[in-house]
Each structure stands twice: as structure tokens, then as C-alpha cells.
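Under my numbering, the sequence shown is numbered contiguously, ending at residue 1086. Even for Gly, the Cβ is constructed at its ideal location relative to N, Cα and C. A short worksheet on the structure shown next.
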Amino acid sequence: MNDYRYHYMFTTFDIETFDLEDFKYNSVNITAFRLVDVDDPNVSGVLDQMEKFQPVGQAILNSSGVIQVEPALMYDSVHVFASGLAAMDRSYSLKPANLSCDLEKPWDNGIRLYNFLNSVGINGLTGHIEFKEGKRNNFKLDLLKLKKEKLSKVGHWSPINGINITDPTAFYGTNIKNITLVVMTRESVRCAKTEKLTMLTRQTASDRLTNMYYLKKKERPYVMVKEDKNLTGNARFEGFCIDLLRWIAGQVGFNYEIRLVPDHKYGVFDQETKEWNGIVRELMDKKADLAVASITINYARESVIDFTKPFMNLGIGILFKVPTSQPTRLFSFMNPLAVEIWIYVLAAYMLVSFTLFVMARFSPYEWQNPHPCQIDSDIVENQFSVSNSFWFITGTFLRQGSGLNPKATSTRIVGGIWWFFTLIIISSYTANLAAFLTVERMITPIENAADLAEQTEISYGTLEGGSTMTFFRDSKIGIYQKMWTFMDSKRPSVFVSSYEEGVKRVLEGNYAFLMESTMLDYVVQRDCNLTQIGGLLDSKGYGIATPKGSPWRDKISLAILELQEKGITQILYDKWWKNTGDVCNRDDKSKESKANALGVENIGGVFVVLLCGLALAVIVAILEFCWNSKKNARMDQQTMCSEMAEELRFAMRCHGSRQKPALKRSCAKCSPGATYVPAALDIPNLNGVGESTAMPMIDLKPPALTFDLNT
376 MNDYRYHYMF TTFDIETFDL EDFKYNSVNI TAFRLVDVDD PNVSGVLDQM
426 EKFQPVGQAI LNSSGVIQVE PALMYDSVHV FASGLAAMDR SYSLKPANLS
476 CDLEKPWDNG IRLYNFLNSV GINGLTGHIE FKEGKRNNFK LDLLKLKKEK
526 LSKVGHWSPI NGINITDPTA FYGTNIKNIT LVVMTRESVR CAKTEKLTML
576 TRQTASDRLT NMYYLKKKER PYVMVKEDKN LTGNARFEGF CIDLLRWIAG
626 QVGFNYEIRL VPDHKYGVFD QETKEWNGIV RELMDKKADL AVASITINYA
676 RESVIDFTKP FMNLGIGILF KVPTSQPTRL FSFMNPLAVE IWIYVLAAYM
726 LVSFTLFVMA RFSPYEWQNP HPCQIDSDIV ENQFSVSNSF WFITGTFLRQ
776 GSGLNPKATS TRIVGGIWWF FTLIIISSYT ANLAAFLTVE RMITPIENAA
826 DLAEQTEISY GTLEGGSTMT FFRDSKIGIY QKMWTFMDSK RPSVFVSSYE
876 EGVKRVLEGN YAFLMESTML DYVVQRDCNL TQIGGLLDSK GYGIATPKGS
926 PWRDKISLAI LELQEKGITQ ILYDKWWKNT GDVCNRDDKS KESKANALGV
976 ENIGGVFVVL LCGLALAVIV AILEFCWNSK KNARMDQQTM CSEMAEELRF
1026 AMRCHGSRQK PALKRSCAKC SPGATYVPAA LDIPNLNGVG ESTAMPMIDL
1076 KPPALTFDLN T
């Protein structure tokens, strides 16, 4: 208890009369207050006068020439009383009177004297003296701090202004050379010893040292124990944290000695015993001065120990075995498009074909004379039968000709928008097919933490006693609570005692290891059979831990910030993560393990364009139909509604036939009256092959015949 780790606050005002020789050079923190300022010239003058009165003065002053606070207060009280009495005497005529301590009757002038004492204001040995309502106020206490030479004044306190530090370096000084800190770690850090300060590390049980300093299991690349048995002391350790500690020690100015934590744990609060373990316990018990390791800063630990600024930021990742290659399937040519896209394309094919057929039936411009040389032919023909409509759509979809050309504006719009649709679909399919043929397909059973939580076939766990385990245990997020319930109840246990054990279980298969991203990155870069699944589950940092109230925290934090600004931290990271020579030569193509099928979110817009085009074509077809009906109604001198009814009846009556009778419109210049030409008779082919044969009808001139459209 005689070193810098302890801070003593003395309540006595006579600290300067104590012999502190044994504490001056051990950096013990001693703070005290004094009421008598011996550096005040008035005080020193009074003390000089006291020394002249022997032997009385010798009893008041000690060998250091400092007066104790009790005689100083007595001295000041006499002066206050004398000053008050003198002031009262100047104001009133005092007459001597006999007084008795046994009588209850007070002195008649007692209240007056009390009031005069309250009005006294003098400077005594204990500073300025004045009273308010019988209590001393506006006084000052000097703040003292023990240094190697002596107790020095570093500030003062007053009831009105509070504390005022005049020498902050007394509390945050850097004159700490030749101090040895004990550094605790989990074979993930290295530290050293020169005097009596400790840093703790961690290591496996097989690497545990037999002396008073402790190490734990290997946690590459933070702290590692060298294989050479002849090495001793700090030379046995290497790693990222070892190099970082060396830089920090040089910046701050201390020596260090490494110890490994006995129970191989970072530190977790046990809910049953209500006790901490691991490195945290060592720091709480003041068995170590620092803890330099891959120890995570979190709320629970921060409540019992202190942390510096983080020297590395990270999160929780999922380590998983690289999935096996997917075997080639017979129908793998369908992979470039998602299943729903194939279904939508088929539906679009059926819809467009049927729409083309219907609009061709209703559009008057698709009914053409099959014999252009016979101008007076009574037969008109529509090339878009049901089969031809589907054939036209099929041919254009496969980028082949069909021999059919739309003539009406509405059907041309359908054809054009379908060609645009097929252009996008075929181009997208071709481009994505190339990706599927050149990229290796992998079977990945899980993609993220949500996939892990929704299944039970693949086990998953964390490092036992680490911050990752604490994160899931204390999380309020539903998916993480579900994962913790699974891990906590799984038997055999899914928790591992070291990162090496976790990596081994992952390589054995059917196991995912939840670990901190920096360690995950280190492992993945050295084993091509391992990969990271998904992103990070949280964000946190590694920091150097110290006991509560340690003066080293702020000094080391400043050193960490300086190393980060200079790029030293990144250089050390690259040294131990990327430039060690054992990095896996991972194929860059394997990083892109699969090509994704195009879904609705990728090419869904082309379906919208297609539907809009069909809607436009339908509108145009209706306009064509109405315009033609209006023109014919004017020629036939009948209402537009009746004309539209006749046209619709003809279109619907043909039942898919390519031909229909033509209505000869009345013409005053050509004939005396309107003559109706009955429809051509569809005579089935006698051989049963091909289409029906159209037999022309005889033009009967007088009289005009009528034809029942409903027969």
C-alpha cells in the first residue's frame, strides 16, 4: 500500500508536522489541507517571536518550525476576543462587576460583546478572520500534495469559490521514469516490470508460468508466447498488443512486466456469486496496474474499472466454413431469372397474344381484301387468328420473323411494346447467364444472424466469459435474445474456452462461431476454408483497462491518440494481420461466390412498360373501332350505336375465323339503292385439311335482299 496505486486523503490540518520521508519517493498519492499558511510573512513573523520565548515557544513549534493548528486557533481566538472587547470599550463605559459561574443570570453586557465579536475582522495565523451569525466565514484552506521534495501547495479551497487548482501538473505529472507497471493480459498482450507496477496478460494453461506473473491462452495476433524455452521475461511474448505496449511505454515513460491472468478470462460478472472474474477481478483487487489485451470496453466493466480511449474499433461477426460448390443442374439455364420472373414472362406472353387477337378482330384496319386485284370482292380477311397471334408473339420473343405484319395502329403499338419488352428480357437474361457461367455457385445455408436464429440445424456459440457472450446475454433485441436462449440451452455446450477451439469447431462443420471482427479477419486471411457471413452485429472497441481512479488512464489515452494520428496503430495492424507471410492465397473469384438471379426488383419496370403499352393499344383500338363505326353509320344513314352493334356482332360471330362478310355501303352515285351482299359461306374442306374454302356469293341486283344478322 506504499506505491502510486493508492491515494490517501488526510483530514488533519497538521500534515506538515508529520514525517513523510518514507512516502516521498514511492509516488504515493497524499493530499491534505492546511489552515496555517507558513509562507505568509505575517505568520512567519509571529512564529519567529514565539521562538524567542523559551521554553514556552519550543512546546508550541515542532522541529520543522510549523505551528500546529490547535495553538494557532487559540492564538487567533485570543486576538479576536481582545479586538472585540477593545471595540466594545470604545463604545461603552465598562464597569467592573463581580460575576459568578454558579448564578444563572447572564452578564448584562454579554449580548453586546457577542455583537462586537461578530463584527471583528482581522488577519491571524489561520488567515482572515470574520464572523457571520457566530460562525466563521470567508476563510481559506490550502490544498497540499506530496512531492518528492516536500509537501507543496497546489491549490486552495474556500466556502464561496470552492476548489481552485493552481498546479495541475501535481496530479497529472509525467515525471514517472523508472516505474515498472504490472500488465495483465490473456496472451494477447505483452508487458514488463521494472519496479512495482503490473500489467496482466492471458495464455493457455499449458503456457502458464510458474512465477508470480500470469498468462493465458494464445490469441493471435494480440499476444503470443514464443516457442523458444530459453527466453525469459518480456522477451517471451510477441504480438500486436506487445508492440503497442512498447510504443505506449516509450511515449508515457514507464517500464512494464507481463503477467498472465490465472483463470484465463477477460472478466464477466457472475449473476449467482455477484462477483467478477478474469482480468477485471485482478484490476479490482489492485493486483495489476494495466490490462493490455483484446479486452472490450462495455458498460458493465466500465462501472468497476476504467478504460483508456479505444486503440481498435470492431464488432461481432459470424465465422463460418466456406460452403461447398453447387453441382451443375440439368435446368441451370433457368437460373439467371428468378422463378417469379419466368412466371410473369409466361403470363405476359399469354396476355399479349390474346390482346393482339382481340384488337385485331375489332380493328377495322386489320380486315383486308385477300384478293387485292378483285376490287369488288365481298370477302375481307384478318391475318391474326388465334394461332397466328400466338405465333407472331412467339417469333418476336425469340428474335425470329413470323411473316405477319400488323397494319392497324393499335396492333402495331402492341407489337412495338412487345418488341421492347423482349429486348430488355433477352438482354438481361443473356448478361446474367454469362455471370452464372463464369461464377462458381456456392450453397450457403445462412446469410446473416437472422438466418441463424430461424434454424436449429446449425449450432452457433461464442467465447465463454467474453464480451460477445455478455452482449447476447444482456441484449434487449428480440433476435439476439432468441439466439442467446438457443445458445444457453443447447447441450452439449456451444460455448468455447478459446478462439482456437471455436475455429476448430467451425472447420468440423455445422457450427458458426460468433467472434470479434478483428480476430475473425485474422483467421479468415489465414485459412481459405473459412469465411465471414453477413455484416457486423454491433460496434465497440478494445481499450487498455486500469483500476478505478488510476492516474495512468489519461496519460495512456493521450499516447494512444498520438499513435493513431501518426499512423503507428495502422502500421502495427498491417504487420500482424497482413504481412506475416502465412496469409492465405485466396482466389479473388471466390470472394464473389454466386451470381444473383434477376428478380422483380431488377427488371419489374419492363413489365410495367408492357402493361402501359397494352393499355394504350386498347385505347387506340377502341378509337379506331368508334371512328370506323361513325363513318359507316353516316354512310348507312343509321345510328352509330346500331352500327357498332352490327360490327361487334360480326366480330364476335366469326369465332376465330380469319374471314367475314363485308357490308357494302350505300352509294347514291354508284347504284339506285343499297344492296346487301350476304356473307360468303364457309364450306369445310372436303379432305379435312387446311382452312375452310370461301365460296363467293352471286350479286343479286333487283330487288335488294335483306339478311338477318342473327342467323
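Pull up the distance between the alpha-carbon of residue 444 and that of residue 474, whole angstroms please. 32 Å
What is the C-beta distance between residue 336 and residue 560, in whole angstroms, given that I count them as a contact (C-beta under 8 Å)? The structure shown does not extend to residue 336, since the chain is modelled only from 376 through 1086, so no value can be given for it.
Supposed contact pair residue 991 and residue 730 - C-beta distance, whole angstroms, cut 8 Å: Incorrect: roughly 11 Å between the Cβ atoms, too far for contact.
Inside the stretch 705–782 only - alpha helix (DSSP H) runs reaching at least 4 residues: 714–737, 761–772
Just to confirm, are residue 764 and residue 735 a CB contact at a threshold of 8 Å? yes
Beta-carbon within less than 8 Å of residue 833's beta-carbon, same chain only, minus the 5 sequence neighbours each way: which residues are those? 820, 821, 827, 885, 886, 887
Any heavy atom of the ligand NAP inside 7 Å of the beta-carbon of residue 711? As far as ligands go, the structure on display features none, and thus does not contain the ligand NAP.
Leaving aside the five residues before and after residue 951 along the sequence, list all residues of the same chain whose C-beta is less than 7 Å from its C-beta, in chain order. 596, 614, 615
Please name the residue in 810, 717, 737, 861 whose C-alpha comes closest to that of residue 998. 737
Sort 557, 661, 486 by Cα distance to residue 923 and report the nearest one. 661
How should residue 480 be labelled, buried or exposed, when 16 other C-beta atoms within 10 angstroms of its C-beta is the threshold for buried? exposed
Could you tell me the alpha carbon to alpha carbon distance between residue 394 and residue 678, rounded to whole angstroms? 37 Å
Can you list, in chain order, the stretches of the beta strand (DSSP E) that have 3 or more residues and sit fully within the stretch 456–541? 496–499, 502–507, 516–521, 526–533, 537–540
Spatial distance of residue 546 from residue 382 (CA atoms): 11 Å
Return the bridge partner residues of residue 409 from the DSSP annotation. 517
Near residue 627, what residues of its chain come up, given a Cβ to Cβ distance below 7 Å and the 5 sequence neighbours on each side ignored? 930, 931, 934
If I measure Cβ to Cβ from residue 407 and keep anything under 6 Å in the same chain, skipping five residues before and after, which residues do I get? 385, 390, 519
Nearest-angstrom Cα separation, counted from residue 610 out to residue 623: 17 Å
Spell out a yes or no on whether the stretch 497–511 and the stretch 445–455 are touching, meaning 3 or more CB-CB pairs, one atom from each, closer than 8 Å. yes
Buried or exposed by the 16-neighbour rule on C-beta atoms within 10 Å, applied to residue 619: buried
Closest Cα partner of residue 536 within the set 515, 797, 526, 715: 515
Roughly how many angstroms lie between the CA atoms of residue 411 and residue 928, to the nearest whole one? 34 Å
In chain order, what residues of the same chain lie with their CB nearer than 6 Å to the CB of residue 682, ignoring the 5 residues before and after it? 672, 918, 920
Measure the CB-CB distance between residue 771 and residue 762 and report whether it falls below 8 Å. no
List the residues that DSSP assigns as beta-bridge partners of residue 871. 838
Burial state of residue 725 (16 or more Cβ within 10 Å): exposed
Taking DSSP as the reference, what is the three-state secondary structure of residue 908? strand
What is the DSSP secondary structure of residue 639, counted as helix, strand or coil? coil
Go through its chain and collect everything with a Cβ distance to residue 1001's Cβ below 6 Å, but skip five positions before and after it. none
Using a threshold of 8 Å, state whether the C-beta atoms of residue 862 and residue 694 are closer than that. no
In angstroms with no decimal places, state the Cα-to-Cα distance between residue 937 and residue 712. 53 Å
Between 787, 675, 767, which has its C-alpha nearest residue 779's C-alpha? 767
One question on the structure: do residue 870 and residue 859 come within less than 8 Å of each other, judged by their Cβ atoms? no
Classify residue 835 as buried or exposed, calling it buried when 16 or more other Cβ atoms lie within 10 Å of its own Cβ. buried
Cβ-based neighbour list, residue 432, same chain, cut-off 6 Å, excluding 5 preceding and 5 following: Low confidence applies to residue 432: its pLDDT is 47, below 50, so where it sits in the model is not reliable enough to give any reading.
Give me, in chain order, the residues of the same chain whose beta-carbon lies closer than 6 Å to that of residue 1088; leave out the 5 immediate sequence neighbours on both sides. The question about residue 1088 has no answer here: the residues shown for the chain are numbered 376 through 1086.
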